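So the sequence lines, in the order shown, correspond to chains A, B, C and D. Going letter by letter, the first sequence gives residues 1 to 206 in my numbering. Going letter by letter, the second sequence gives residues 1001 to 1069 in my numbering. Going letter by letter, the third sequence gives residues 2001 to 2244 in my numbering. Going letter by letter, the fourth sequence gives residues 3001 to 3246 in my numbering. C-beta: ideal position from N, C-alpha, C; glycine also. Predicted model, so just to flag it, every value in this text is computed and none were measured. Notes follow once the structure below has been shown.
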Amino acid sequence: MALCLEARQLGCERDDRWLFEGLDIDVKGGDIWRVDGPNGSGKTTLLKILAGQLADYSGTLRWQGNPLHRARAHFAANLLYLGHAPGVSAGLTPLENLAWYQALHGERGSEAQREAALSTMGLEGLEDVPAGRLSAGQQRRVALARLSLTPRALWILDEPFTAIDHAGVAALETQIAAHAQAGGAVVMTTHHTLNIAHPLCHIALG
Amino acid sequence: MTMASLVEWAAMGGHGRFVWSAWGVTAVFMVGLALHARLERRQLLRQLKRQARRQTPSPPRGPSHDPDA
Amino acid sequence: MPLSETTRRVAVISEPADKQHLGIALGATLMRDLNRMRRRPGDVLNPLVFYALAVSLFPMGISPEASLLAVMAPGLLWVTALLAALLSLDGLFRSDFDDGSLEQMMLCPHPLTSLAVAKVAAHWLLTGLPMALMAPVLGILLALPMNSIGVLMASLVLGSASLSLIGGIGAALTVGLPRGSVLLSLLVLPLYIPVLIFGSGAVQAAIMGDAVLPHLALLGALLAAALIFSPWAIAASLRISING
Amino acid sequence: MWGLIHKLGSPKWFYQLSARLQPWCWGAAILLLVTGSVWGLFFAPADYQQGNSFRIIYVHVPAAFLAQSVFVTMAVAGLVYMVWKIKVADMAAAAMAPLGAAMTFVALFSGAVWGVPTWGTWWMWDARLTSMLILLFLYIGVIALRGAFGRRDSGARAASVLAMVGVINIPIIKYSVDWWYTLHQPASFTLTARPSMPLEMWLPLLIMVLGFYCFFIALTLMRTRSEILRREAKARWVQALIEEAR
């Protein structure tokens, strides 16, 4: 069935200040949504609300027609979220990190799958180096390896290009475009000028 | 209630120290809490008035002095 | 970088996660923490070294006299075990909170309460159990009568599980705070008192030859209550700290 | 039902309702406290065993009752805030916490002082005093946690969770401390094991307890109203209120 996440009159108040209000967003298969706005305009907060992580917002949020908080498990099974912090624990190697991430979604997966995902992100040879010793960009790449490792319909990426070099950015842009063409949906924020061969929808905050 | 019987009553048969210290601390706390709450409210009102005055320049007041300020 | 599967349609997964998936997630979270501790043994050994050190301070502070120490041994062993568990609680969620893994745990299809129990179980395996195994040696240091060593270990094994569960609530509440560890002990120590009372009570009963079972039964009851209430409280606290 | 909860929960409506209720509560509190004190200090007979130090009961027992019921009320208010998102409930919880802590301290101090003539020492690890001491630590924990968060409603939610966890633990702590105390001092004299107080001793105690509760309600109403003004300062009705007060 087609993917659809719809937000009606979405609003969020932080310390008596309205970050945004009255937002109507319809995320459907094949969309790439880009959230723009200066720093502190609530971009990350909006993404966290769309990912179902923050509960205190006004307005309604529906996933496949029913309210998000009731369809949480189903929604989470289709969501891939990448926040500011990559979610790669320093004490584990990239392979162990990815193995845990797959297990978190209930898939045992295989070593070969994980190595393939790491090599698509250019991390050959670093599979067994504890993530703590990798650079910020490499840690971000370990997190981005999840995009090809665990196929999820909806991607919510919070500034995925931070600390990524030019080659990596280009590869990621093509991956995002391919995901949208294959029927998936992407909601992302970035200060980077995107050149993706796919129509973009914009949300301006602040 | 002659003076003597008043003093004798206050001595509480030798336990006066304990009874009055216990009652005294209780009274201090209860009265203190009540006064603090009133003070807190008055300060809050004064602060809100100052903020209100700062945001909306109030019309030039006549010679009558504002009792609350 | 070749894009292998471009044409495959992206399917929306509809069937909910079943029990078998939950088992994989919990097992993986447990193994993850054990592996991480294997790499950084300091985090595991510090509470144990603190436990041994603190116990050996008391004879210097009180007196080397064996009969005097034997009277206080159960209480001292239990209080220092409790403080050592408290020491290691701060790191329970902090590293996951800092590197973003906690966010991933919250956004996975499985309930956060069961993942929290897996985290606390890993913490118990790495602090509660080793302390229970180490306690007899420290009991000898404090001239603890030999007949109560078994009960000491049993009470520590049972008690430290409740300590980890109740402590997990405090750790989850203070994980987002910069200087949270001092506040953590302030929140959690009053809740530790029933476990301390029945734990050291069991060892004292063993020394005096009284019935030990009621004490251990009450410790088990506390553990059961902790298992029922604290996962819910830990999950709610983690959601609060994430937004904090 | 739902409409009533939200109407009850709106700060403006609560502010006006409490304005009418408050003078009555203060009046009742002062009346009850004065009559109870005069009766307890002057007319109630002294205890045959403890003599006049028994009169401390008219302060110790009401404070102890209030200390525990304030914690339970705070936990219930926290639950109402967490489940139905009624902000006034959290404002009331924040307002009553210091009062509960103060009452716990008063109960602790008066209990210790009461024990001096009977036990001869200033502190005695009596079962009830120990539970009261732990309750004081729980209060300090809740108040400290509420203030530790950057954002006010995170602190509010954290304090609500801790209050609920605490309220579940209070009976457990009370039971384990009583069990611990009877294990170590089975035969000694405990303060509250009163056979049955004669009426003229018991009636002033009832009046004092009612007086303490009215005092609690009146003070909580007043402090909640201040909290409403502080948190809703930007609301139009507060601006209007300030405007006409100027």
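Is residue j closer than 8 angstroms to residue i when the C-beta atoms are compared?
| i | j | result |
| --- | --- | --- |
| D:Ser3110 | D:Ala3067 | no |
| A:Leu147 | A:Leu79 | no |
| D:Ser3018 | D:Leu3221 | yes |
| D:Ala3077 | D:Ala3218 | no |
| A:Leu157 | A:Glu173 | no |
| A:Val169 | A:His192 | yes |
| C:Gly2201 | D:Leu3183 | yes |
| C:Ala2054 | C:Thr2029 | no |
| A:Leu200 | A:Arg34 | yes |
| A:Ser89 | C:Asp2099 | yes |
| C:Ala2122 | C:Leu2034 | yes |
| A:Glu111 | A:Leu95 | yes |
| D:Ser3154 | C:Ile2193 | no |
| C:Ala2161 | C:Gly2128 | yes |
| D:Arg3020 | D:Leu3041 | no |
| C:Ser2063 | C:Leu2141 | no |
| D:Ala3095 | D:Gly3166 | no |
| D:Ser3274 | B:Phe1018 | There is no way to answer for residue 3274 of chain D, as the model of chain D reaches only from 3001 to 3246. |
| D:Phe3149 | D:Ala3163 | no |
Quick one: what's residue i bridged to in DSSP?
| i | result |
| --- | --- |
| A:Lys28 | A:Cys4 |
| D:His3060 | Paired residue(s): none; D:His3060 is not in a bridge. |
| D:Gly3051 | D:Asp3047 |
| A:Tyr81 | A:Ile156 |
| A:His166 | According to DSSP, A:His166 bridges with nothing at all. |
| A:Val35 | A:Thr189 and A:Ile203 |
| A:Phe20 | A:Cys12 |
| A:Pro67 | A:Arg62 |
Chain A partners of residue i, CB-CB under 7 angstroms?
| i | result |
| --- | --- |
| C:Ile2242 | Gln53 |
| C:Pro2047 | Chain A residues near C:Pro2047: none, gap ~17 angstroms exceeds 7 angstroms. |
With residue i as the anchor, note down where its alpha helix (DSSP H) starts and where it stops.
| i | result |
| --- | --- |
| A:Gly137 | Ala136 to Leu149 |
| A:Ala59 | Residue identity check: residue 59 of chain A is Gly in the sequence provided, not Ala. Element bounds for A:Gly59: not the alpha helix (DSSP H) but the beta strand (DSSP E), Ser58 to Trp63. |
| A:Asp128 | Note, A:Asp128: premise wrong, no alpha helix (DSSP H); not H, not E. |
| D:Met3091 | Lys3087 to Trp3119 |
| D:Cys3025 | Pro3011 to Val3038 |
| A:His202 | No alpha helix (DSSP H) contains A:His202, which is instead part of the beta strand (DSSP E) from Cys201 to Ala204. |
| C:Thr2113 | Leu2112 to His2123 |
| A:Leu98 | Pro94 to Leu104 |
| C:Asn2046 | Pro2041 to Gly2061 |
For my contact list, residue i and residue j are in at a C-beta cut-off of 8 angstroms; report their separation, rounded to the angstrom.
| i | j | result |
| --- | --- | --- |
| C:Leu2102 | C:Leu2238 | 7 angstroms |
| A:Leu92 | C:Arg2032 | 7 angstroms |
| C:Met2131 | C:Leu2026 | With a Cβ gap of about 24 angstroms, C:Met2131 and C:Leu2026 do not count as contacting. |
| C:Leu2082 | C:Phe2058 | 14 angstroms between Cβ atoms; not a contact. |
| D:Gly2955 | C:Pro2190 | Here chain D has residues from 3001 to 3246 only, and residue 2955 of chain D is not among them. |
| A:Ile196 | A:Ile176 | 6 angstroms |
| C:Leu2158 | C:Leu2223 | 6 angstroms |
| A:Phe20 | A:Leu46 | 7 angstroms |
| D:Tyr3058 | D:Gly3027 | With 8 angstroms as the limit, D:Tyr3058 and D:Gly3027 do not qualify as a contact, their Cβ atoms being about 21 angstroms apart. |
| C:Ile2166 | D:Trp3180 | The Cβ separation is near 18 angstroms, so there is no contact. |
| A:Tyr81 | C:Leu2107 | 5 angstroms |
Name the chain D residues that come within less than 9 angstroms of residue i, Cβ to Cβ?
| i | result |
| --- | --- |
| C:Ile2207 | None at all; the shortest Cβ gap to chain D is about 13 angstroms. |
| B:Val1025 | Val3059, Phe3105, Val3106, Phe3109, Ser3110 and Val3113 |
Which residues in chain B have a C-beta closer than 9 angstroms to the C-beta of residue i? List them in chain order.
| i | result |
| --- | --- |
| D:Asn3052 | Ala1011, Met1012, Gly1013, Gly1014, His1015, Gly1016, Phe1018 and Val1019 |
The beta strand (DSSP E) spanning residue i covers which residue range?
| i | result |
| --- | --- |
| C:Val2175 | Per DSSP, C:Val2175 belongs to no beta strand (DSSP E) and is neither H nor E. |
| A:Met188 | Ala185 to Thr189 |
For a contact meaning CB atoms closer than 7 angstroms, what does residue i contact in chain D?
| i | result |
| --- | --- |
| B:Met1030 | Phe3215 |
| B:Thr1002 | Ordered by position in chain D, no residue passes the 7 angstroms Cβ test against B:Thr1002, which lies about 15 angstroms from the chain. |
| B:Leu1033 | Leu3099, Ala3102 and Leu3219 |
Along chain C, in chain order, which residues have C-beta atoms closer than 7 angstroms to that of residue i?
| i | result |
| --- | --- |
| A:His228 | Residue 228 of chain A lies beyond the range of chain A shown here (1 to 206); nothing can be said about it. |
| D:Ile3168 | Phe2229 |
| A:Arg108 | Ile2024 |
| A:His105 | Cys2108 and Pro2109 |
Give the residues of chain D in contact with residue i, contact being defined as C-beta atoms less than 8 angstroms apart.
| i | result |
| --- | --- |
| C:Ala2233 | Val3161, Met3164 and Val3165 |
Using a cut-off of 8 angstroms between C-beta atoms, extract the partners of residue i located in chain A.
| i | result |
| --- | --- |
| D:Arg3151 | Arg14 and Asp15 |
| D:Lys3234 | Asp16 |
For residue i, go through chain C and note every residue whose CB falls closer than 8 angstroms to its CB, in chain order.
| i | result |
| --- | --- |
| D:Trp3180 | Ile2197 and Gly2201 |
| A:Tyr57 | Here the premise fails: no neighbours, minimum Cβ distance about 11 angstroms. |
| D:Phe3137 | Leu2186, Leu2189 and Pro2190 |
Can you pull the chain C neighbours of residue i, defined as C-beta to C-beta under 9 angstroms?
| i | result |
| --- | --- |
| D:Ala3144 | Leu2183, Leu2186 and Leu2187 |
For a contact defined as C-beta to C-beta under 7 angstroms, what are the partners of residue i on chain B?
| i | result |
| --- | --- |
| D:Met3222 | Ala1037 and Arg1041 |
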